[in-house]
Amino acid sequence: MTSIDVAAAQDRIRKCVHCGFCTATCPTYLVTGDELDSPRGRIWLMKDMLANPEVAPSPRAVHHIDRCLSCLSCTTTCPSGVDYMHLVDAARAHIESAHRRPLPDRLLRALLPAVFTRRGPFRALLRAGRLVRGLAPMLPARLAAMLAMVPDAVPAPGLAERRAPLPPVGARSGRVILHLGCVQPVLRPAIDDAALRLLARHGVEVVITRQSACCGAIDHHLGREAAAAAHARANIEAWEAAGPVDAIIITASGCGTVIKDYAALFADDPAMAARAAAIAALARDISEYLALLPPLPQRIAPGLPVAWHSACSLQHGQQVKVAPRQLLVNAGFDLRDPAEAHICCGSAGSYAILQPEMSATLKARKQAALAATGAHIVASSNIGCIGQIARPELHTVHMVELLDWASGGPMPLGLPMEKR
148 MTSIDVAAAQ
158 DRIRKCVHCG
168 FCTATCPTYL
178 VTGDELDSPR
188 GRIWLMKDML
198 ANPEVAPSPR
208 AVHHIDRCLS
218 CLSCTTTCPS
228 GVDYMHLVDA
238 ARAHIESAHR
248 RPLPDRLLRA
258 LLPAVFTRRG
268 PFRALLRAGR
278 LVRGLAPMLP
288 ARLAAMLAMV
298 PDAVPAPGLA
308 ERRAPLPPVG
318 ARSGRVILHL
328 GCVQPVLRPA
338 IDDAALRLLA
348 RHGVEVVITR
358 QSACCGAIDH
368 HLGREAAAAA
378 HARANIEAWE
388 AAGPVDAIII
398 TASGCGTVIK
408 DYAALFADDP
418 AMAARAAAIA
428 ALARDISEYL
438 ALLPPLPQRI
448 APGLPVAWHS
458 ACSLQHGQQV
468 KVAPRQLLVN
478 AGFDLRDPAE
488 AHICCGSAGS
498 YAILQPEMSA
508 TLKARKQAAL
518 AATGAHIVAS
528 SNIGCIGQIA
538 RPELHTVHMV
548 ELLDWASGGP
558 MPLGLPMEKR
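Each position in the sequence shown, counted from 1, maps to that position plus 147 in this note's numbering.
If you want it as structure tokens, here you go:
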């Protein structure tokens, strides 16, 4: 039985007037020029699916919907307010339940959530990957893309993962939950540790719950609705048990987009709908929360050039655009915006592994735009983007690492001070 909500999807499709504005901001269409690689074209494919939802989707539909990044640039552009996010989510769930992929695809799509949603197995995979990185040129593109994620050294667990939050400085000004997620604490524990220090300086008490982990994004974007809901339910229960808080703080904007959408994930579950909505209402990107707090005294010289890469999940998924930029400017950084700032870098969660060729094209395009700013430091809000766009002359950091450093914390590891 198909999992697609035909009536809801049809209502969303009817809003599309096929004006074509979305084609100007869709990364895949800009690369291929193929109408079916645009949101408008994909909506036509989804419409065909709905004509007979019990029939397996066509290979053509699967191919073009798989190539969607879910960057949601089209939703920012669309003058008709088409809810493309939930449309493509429904299409992916339908494909997952009604289409049988080749065996290698099925194995890879089973491996990704099995490993990437749990910090222990993911850390072990990275350590094993270091031993075989030299084989990448001889491996299929997807496996080579996985090896590209492997760092030179796997960092030790940080303060946040060890659940060793810092006491608030001065009078307590708030109480929040910090969501750790699964990939970021393993690849770059310095991000959440910087968040801890920054929040403590503001007098904020930080709670880190042991039972919460993956937000559900990886499974959700693979069309695995039940698995995504299981992750979300575990988080909701853990965060409810933590007691009253002012906000649930998220430092990976990809996670934030999904957590803010928990109400939609459980909309048809009477037992969870209200609880999910309450949690979603508390979710905040860390930049949103910090923007409400008084500024901290700055401890570094102003004027360091920084290129701002606004992650798609932040600027399009959450529509958070002003807060992070203003925080960095107020901290004294010379913030520079690249050309095509609205276009995806090609990371998009597991997309870089599942669609390595398209991802690599978009990566090169984004790196060139960032390099053209003249800044040698790039700040972003999402761990996937940070890993994707880094290259020797573009040192990528999370914005909270810069804000922490500017207000008295340690300088982000490897920052190219000779380029100041």
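We put the beta carbon where it would ideally sit given N, CA and C, even for glycine.
Buried versus exposed, by CB contacts within 10 Å (16 or more), residue i
{"i": "Ala399", "result": "buried"}
{"i": "Ser506", "result": "buried"}
{"i": "Glu372", "result": "buried"}
{"i": "Glu540", "result": "exposed"}
{"i": "Asp181", "result": "exposed"}
{"i": "Cys361", "result": "buried"}
{"i": "Ser205", "result": "exposed"}
{"i": "Glu435", "result": "buried"}
{"i": "Pro260", "result": "buried"}
Backbone CA spacing between residue i and residue j [nearest angstrom]
{"i": "Leu192", "j": "Leu501", "result": "20 angstroms"}
{"i": "Ala307", "j": "Thr170", "result": "41 angstroms"}
{"i": "Val333", "j": "Arg270", "result": "6 angstroms"}
{"i": "Arg567", "j": "Arg483", "result": "Residue confidence is low: Arg567 scores 42 on pLDDT, short of 50, so the model does not pin down where it sits. Its coordinate-derived value is still stated next. Looking at the two C-alpha atoms, the distance is approximately 14 angstroms."}
{"i": "Val467", "j": "Ala154", "result": "30 angstroms"}
{"i": "Val297", "j": "His456", "result": "22 angstroms"}
{"i": "Arg265", "j": "Leu327", "result": "11 angstroms"}
{"i": "Ile190", "j": "Pro315", "result": "49 angstroms"}
{"i": "Ala143", "j": "Val547", "result": "With the chain covering only 148 through 567, there is no way to say anything about residue 143."}
{"i": "Asp184", "j": "Leu437", "result": "38 angstroms"}
{"i": "Ile324", "j": "Ser359", "result": "11 angstroms"}
{"i": "Leu219", "j": "Met232", "result": "7 angstroms"}
{"i": "Gly350", "j": "Arg344", "result": "10 angstroms"}
{"i": "Ile397", "j": "Asp339", "result": "9 angstroms"}
{"i": "Ser320", "j": "Leu255", "result": "46 angstroms"}
{"i": "Arg348", "j": "Arg187", "result": "47 angstroms"}
{"i": "Thr520", "j": "Ala511", "result": "15 angstroms"}
{"i": "Ile212", "j": "Leu177", "result": "16 angstroms"}
Proximal residues to residue i (C-beta, below 8 angstroms), its chain only, five neighbours per side dropped
{"i": "Gly228", "result": "Lys162"}
{"i": "Leu451", "result": "Gly479, Phe480, Asp481, Ile524 and Arg567"}
{"i": "Pro249", "result": "none"}
{"i": "Ile447", "result": "Gly479, Trp552 and Ala553"}
Residues near residue i by beta carbon distance below 7 angstroms, same chain, minus five either side
{"i": "Arg310", "result": "Ile355 and Arg357"}
{"i": "Thr404", "result": "Ser460, Gly464 and Gln465"}
{"i": "Leu282", "result": "none"}
{"i": "Val209", "result": "Ile242 and His246"}
{"i": "Thr543", "result": "Val525, Ser527, Ile533, Ile536 and Ala537"}
{"i": "Cys402", "result": "His326, Gly328, Cys362 and Ala364"}
Spatial neighbours of residue i in its chain, beta-carbon cut-off 6 angstroms, leaving aside the 5 residues before and after
{"i": "Val490", "result": "Residue 490 is actually Ile in this sequence, not Val. These residues qualify, in order along the chain: Pro174."}
{"i": "Leu522", "result": "Reading the sequence as shown, one finds Ala at residue 522 and not Leu. The residues are Pro452, Val453, Ala454 and Arg483."}
Heavy atom of the ligand ATP within 7 angstroms of residue i beta-carbon
{"i": "His463", "result": "Among the components modelled here there is no ligand, and therefore nothing to report on the ligand ATP."}
message = Does the structure place the stretch 465–478 close enough to the stretch 436–447 that three or more beta carbon pairs sit under 8 angstroms?
response = yes
ask   = Hey, is the stretch 398–413 in contact with the stretch 422–434, meaning 3+ C-beta pairs nearer than 8 angstroms?
value = yes
task = List in chain order: all unbroken alpha helix (DSSP H) runs of 4+ residues lying wholly within the stretch 436–499.
result = 469–477
key: Any 3 or more C-beta pairs closer than 8 angstroms across the stretch 231–238 and the stretch 154–174   = yes
Three or more C-beta pairs below 8 angstroms linking the stretch 487–500 and the stretch 363–378 = yes
inquiry  = Does the contact criterion of 3 or more C-beta pairs under 8 angstroms hold for the stretch 379–390 versus the stretch 280–289?
reply    = no
inquiry  = I'd like the ranges of any beta strand (DSSP E) spanning at least 3 consecutive residues and lying wholly in the stretch 370–443.
reply    = 394–397 and 430–432
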